[in-house]
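Numbering (my numbering), first residue to last: 154 to 254.
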């Protein structure tokens, strides 16, 4: 990714061959155009940036993770570490829950 001066990130420059089109109401169009204007960017960049950010957020919380060999080895080593005691957490779980009655 490339960081740009306004703090946003953009995908590395690559050939763009795909198109994405949506139908929307006049109100939705006006809202999105106004937001792009406030951000000081064009409609395409604003929409693409927002859509990619939301897509990443949605996918980040899924159970399937793709890891390369170094990251997978590190992940396994973290799972294999001995559990360290957490007294405050143990105390919290020992207290009755508001759902217990």
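C-beta atoms are modelled at their ideal positions from N, C-alpha and C, and glycine is treated no differently.
At what residues does the alpha helix (DSSP H) containing residue i begin and finish?
i	result
residue 178	Element bounds for residue 178: n/a, residue is neither H nor E.
residue 209	196 to 213
residue 227	222 to 233
residue 246	240 to 247
Within 10 angstroms of its Cβ, does residue i collect 16 or more other Cβ (buried), or is it exposed?
i	result
residue 218	exposed
How close, in whole Å, do the beta carbons of residue i and residue j come, if the pair is a contact with beta carbons under 8 Å?
i	j	result
residue 199	residue 188	6 Å
residue 185	residue 201	So it is not a contact: roughly 12 Å between Cβ atoms.
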